[in-house]
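Reading through the structure tokens given below for one structure.
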Amino acid sequence: EFLFDFNPSAAEKTDQTIEAKIEILLEHPLIGVKRDLCRGRVLIIPEISMVFSYWIEGDTIRIMRVLHQKQNFPPE
200 EFLFDFNPSA AEKTDQTIEA KIEILLEHPL IGVKRDLCRG RVLIIPEISM VFSYWIEGDT
260 IRIMRVLHQK QNFPPE
């Protein structure tokens, strides 16, 4: 919603990119990298400078955080 208020076209492109990456994640849940300081895995989406932190619990993928790459991850 925030991005849409300023640039609807960019918001739509961002939504499409996220949806495409999540589809890939559903097919390949181990695609994200393990980080020592985080539980679970991290999926980096460089096209939109976003980082998704997620856990795999059985057949379920839980996206726990979505951050911009410039944010501290995890917070210090």
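Numbering (my numbering), first residue to last: 200 to 275. Glycine is no exception: its CB is placed at the ideal position from the N, C-alpha and C atoms.
Please report the residue range of the beta strand (DSSP E) in which residue i lies.
| i | result |
| --- | --- |
| S252 | M249 to E256 |
| L242 | R240 to I244 |
| L236 | Per DSSP, L236 belongs to no beta strand (DSSP E) and is neither H nor E. |
| L229 | Careful: L229 lies outside any beta strand (DSSP E) and carries neither H nor E. |
When the Cα atoms are used, what is the spatial distance from residue i to residue j?
| i | j | result |
| --- | --- | --- |
| F201 | E218 | 18 Å |
| V265 | P245 | 13 Å |
| D204 | D235 | 37 Å |
| G239 | I247 | 21 Å |
| T216 | Q268 | 16 Å |
| I260 | V241 | 12 Å |
| V250 | G257 | 22 Å |
| P207 | P228 | 30 Å |
| C237 | I255 | 13 Å |
Since residue i and residue j are thought to touch, with beta carbons under 8 Å apart, how far apart are those beta carbons, to the nearest angstrom?
| i | j | result |
| --- | --- | --- |
| I262 | Y253 | 5 Å |
| I223 | I230 | 7 Å |
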